[in-house]
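Using the numbering used here, the first residue of the sequence shown is number 20, and each one after it goes up by one.
Cβ coordinates follow ideal geometry from the N, Cα and C atoms, glycine included.
In this text the structure is predicted, and so the values were computed from the model without any measurement.
As structure tokens, the structure follows; a few thoughts come after it.
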Amino acid sequence: MQLLLQVQKSYEISGMYSKINEDGEQEGAGDFRKLEQLGEILNALDAGDSILVASSFSHLLNLANLAEEVQIAYRRRVKQEAKKGGIGDENSALTESDLEETFRRLVNQLGKSPLEIFHALKNQTVDLVLTAHPTQSVRRSLLQKHTRIRSCLSQLHQSDITSDERQELDEALHREIQAAFRTDEIRRAPPTPQDEMRAGMSYFHETIWNGLPTFLRRVDTALKTIGLEERLPYNVPLIQFSSWMGGDRDGNPQVTPEVTRDVCLLARLMAANLYFGQIEDLMFELSMWRCSEELRARVVQLEVSSKKEDKHFIEFWKTIPATEPFRVVLADIRDKLYQTRERMRQLLASGKSEIPVEETFTKVGQFLEPLELCYRSLCETGDKSIADGSLLDFMRQVSCFGLSLVKLDIRQESERHTDVMDAITTHLGIGSYRDWPEEQRQEWLISELCGKRPLFGADLPMTAEIKDVLDTLRVVAEMPSDCFGAYVISMATTPSDVLVVELLQRECLVAKPLRVVPLFEMLADLESASASMSRLFSIDWYLSRIDGKQEVMIGYSDSGKDAGRLSAAWQMFKTQEDLVKVAKHYGVHLTMFHGRGGTVGRGGGPTHLAILSQPPDTVNGSLRVTIQGEVIEQSFGEENLCFRTLQRFTAATLEHGMHPPIAPKPVWRSLMDDMAVVATEEYRSIVFENPLFVPYFRASTPELEFGRMNIGSRPSRRKPQGGIKSLRAIPWIFAWTQTRFHLPVWLGLGGAVKHVLERDSTRILILRKMYDEWPFFRVTIDLIEMVFAKGDPRIAALYDHLLVDQEKLKNLGKDLRRKYNETRALLLQVAGHEDVLEGNPTLKQRLQLRDRYITPLNVQQAYSLKKMRSSSCIQKNDNAIDEELNSGKVSSELVTLNTTTAYPPGLEDTLILTMKGIAAGMQNTG
């Protein structure tokens, strides 16, 4: 404890929020020297103390997050109670997109009728797609302890708690915190895709399974507040769940066809387990003897089939009244669930099962039919209130989760499909598909799709990669169709990318083809997306195939990495508008699939704001969104979090559909177009065109050490070699988040604003009007402002001071920090603020409280990186590097870590703990 207090005191001396000069450096050498003094204290620690300090601050940040969550939830409940008591401003929209408040606002302020709201909800679908993207840095064993800590804190807020109960909760809280401190924070081996799937599915056990019916009951209650007594039908697809865990093979060699089969079977086993655990509770509840004739006939049928097929015996049973008819029907469901569960166990264990398929559930309709029968019977005999209890909850669960718990998306990169088609056309002797122009590809693919001949047989020569693509589709053909959702094509660029997958599904005998979803990611691909979809819709075969429905995915991560946050956000806005126009022209209902990450640089931010800032008519009651990594825990880690997540998505989607945001004015569009061009040019001129940038990036950030955290099964690069383009968006954002510089978020914005103001200084008035009136622009600016509140250029300067050796690289860092401060000032000018987060003092205070723990971790990380690299790096001599810098031919592998090097004791653990602690403090990794 004395050691931690010493570190804390040294931090406080270092001067938080010291003034930064226009060169991006700490004003006054003494201030920066104080940071170095803190570093000297931390650097002098032995291995054990170093690990202790890093671990302690990391745990403290996690505990601060938990306490903050509970406090926010408590204040929200108090506010809600105050509103119900007539206190508060009913005219203001809650930031949480509260259901009841949203319904009342739509009725009272916007003139919508309760019936309109009801019909909109019945036709609305939000599909939340859980992904295995490696951004969850906290181990599952710790997350479970955090859940119990959160529960203890929540109970301490209860008003009717006794002194004895408070003491017991205090003791339990102490135990859980101590257990967390004694648990190893570090994953010693990377997870497998199956591990990731089990971790993701655990949220269904803990919160989502019971959270869904609880939430739907709240929807019913909120409808009553606006005078509507009717409940939502049990089979309304208001909320759906999908997964990429075990299906996302884009650049992940560990996701094999066998893995995909395993995770499908595992999900069906988990679903059967959950249903089986609940069916007996339902049997216990439905003990009544009165039933409809329809149900009684089913009971007789079940009783007879379990005995013998004897005519006289059947007539005998018809005369005997069943005293517990519902239990007979539910017992049959229970027995089939048991057989279903055991069949899945056997298939997972050996690939074979002795249990006949006929004795199991294979389609969700088989499961729902007897439940519907029980519901009808209760309603017909005057027991509707009983029907609307646990039975309705159970039916809603079956309707939502089905037999597979979640629908698995398959994702593959477009070039892999091109490889397959090239092998086929070469084998057929008709040329190289890869060399064909797009028009020839489309013509050939359409002719084959309209025909019936098989394209290849067992004699097709194939590489391991080609075999993987085809075997994956054969698994899709083999497994029940309700296991799967969409086939997502990453890096899609042309119509042929979609047609290829359609043809390959037919060739691999997929009886019920998956819907094919192109993912447009890079800036150029987003720009041409509407033209590609227009060409697809003009093809009669394709238009008939999709039956009036199309899904298109837009990628926030790679588009941001390609062009910067501002340009990517604006292009995605325009792309969605154009796609909706094309879809309307062809009479197609379009669903936008948003590939959002957790950080602002990857499309993250408050859910309700993200939805309400989308262009008009682009949500239209249908939405898919990825929930990635640590955001899964933040969304579903606890019952209240789960409820709030479902509420946010539902209420904001409803409001966007019934009260769309305003469309941007022509002058706003023109200004955004000008700014986007300048922002893209500035961003790319530094990130992709400056030969110094890659060496600077790798020297000044922990990007190369990212893989040591073992937080995901997927490699950090699509290709082993290459620069920024081959680097995935997650480690790209992660590296800048760790150094508190957040470069991908703000780079380009300052140059864009400066450009438009230099041409006409009065444009600042237009920009402020855009900020005040246009949700898209306001959300964009507010999120970047929030990132500036988390940033600290003096920390980035410390990393440069310790890790960057070459003067030319140091100068690049100084120049970037100048741009950082210039951008910050211009951003505040646009928002009309004197300081960051001026309009959100609560968030500002929360960030300031965290800073006292994050800054020592940053300092400790920088010194640890310096030690690691001095002992393990293969460094070029100064003359060789200078020659490359002068020639403009800088190696993209300037810093190459020798992973076999034995580091000094505790050094690697210290580094990983600082990474995890900073991620907790920033509340995201990447």
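In the pairwise beta carbon analysis, the region 567-584 is classified as touching the region 534-551: at least three pairs are separated by under 8 Å.
Within the region 414-474, complete alpha helix (DSSP H) segments of at least 4 residues are found at 433-447, 457-469, given in chain order. Within a 10 Å sphere around the beta-carbon of N127 sit fewer than 16 other beta-carbons, which makes this residue exposed. Between the region 430-442 and the region 292-312 there are fewer than three inter-stretch CB-CB distances shorter than 8 Å, so the stretches are not counted as touching. Every unbroken stretch of the alpha helix (DSSP H) spanning 4 or more residues and falling wholly within the region 138-197 is given here in chain order: 159-175. Separation of K382 and L866 (C-alpha to C-alpha, rounded to the nearest whole angstrom) is 50 Å. Residue pairing of S261 in beta bridges, as defined by DSSP: V148, K426. In this structure, G770 lies away from V706, with their beta-carbon atoms at least 7 Å apart.
Here E708 is exposed, its C-beta having fewer than 16 other C-beta atoms within 10 Å. Contact annotation: R353 and T379 have beta-carbon atoms that are not nearer than 7 Å.
Unbroken beta strand (DSSP E) runs of no fewer than 3 residues, entirely contained in the region 482-535, are found at 503-509, following chain order. When secondary structure is reduced to three states using DSSP, F380 falls in the coil class, being assigned neither helix nor strand. Note on geometry: alpha-carbon atoms of E59 and I937 lie some 20 Å from one another.
Counting only residues of its own chain and dropping the five nearest sequence neighbours on each side, L424 has a CB closer than 8 Å to the CB of M220, F223, F260, A286, R287, M289, A290, L293. DSSP places I573 in the strand class (E or B) of the three-state scheme. With a cut-off of 8 Å on Cβ pairs, the region 138-149 is in contact with the region 236-256, counting three or more such pairs. Ranked by Cα distance from D351, the options I298, S311, V798 are led by I298.
By the beta-carbon neighbour count (other beta carbons within 10 angstroms, threshold 16), T699 is buried.
C-alpha of L711 to C-alpha of K827: approximately 8 Å in a straight line.
Pairwise C-beta distances place the region 605-614 out of contact with the region 777-791, as fewer than three of them are shorter than 8 Å. For R395, the three-state secondary structure derived from DSSP is helix. In this structure, the CA atom of I429 is about 24 Å from the CA atom of A543. Of the candidates Q825, K833, S586, V644, S586 places its Cα closest to the Cα of T799.
Here the C-alpha atom of V855 lies approximately 7 Å from the C-alpha atom of L847.
In the three-state reduction of the DSSP assignment, H608 falls in the strand class.
For V706, the uninterrupted alpha helix (DSSP H) segment begins and ends at 685-706.
Contact check for V72 and Q879: beta-carbon distance about 7 Å, within the 8 Å limit, so the pair qualifies.
Taking 7 Å as the cut-off, the Cβ atoms of C502 and L598 do not count as close. Between K580 and W751, the C-beta gap is smaller than 7 Å, which places the two residues in contact. When L489, R869, R96, L366 are compared, the shortest CA-CA separation from E521 is found for L489. A direct Cα-Cα distance of roughly 21 Å separates F234 from S262. In this structure T610 is not in contact with R564, their Cβ atoms being roughly 16 Å apart against a cut-off of 8 Å.
The beta-bridge partner set that DSSP reports for V347 is empty.
Relative to the Cα of I651, the nearest Cα in the group D117, A63, V519, A218 belongs to A218. Residue burial is scored here from C-beta neighbours: K53 has at least 16 other C-beta atoms within 10 angstroms and is therefore classed as buried.
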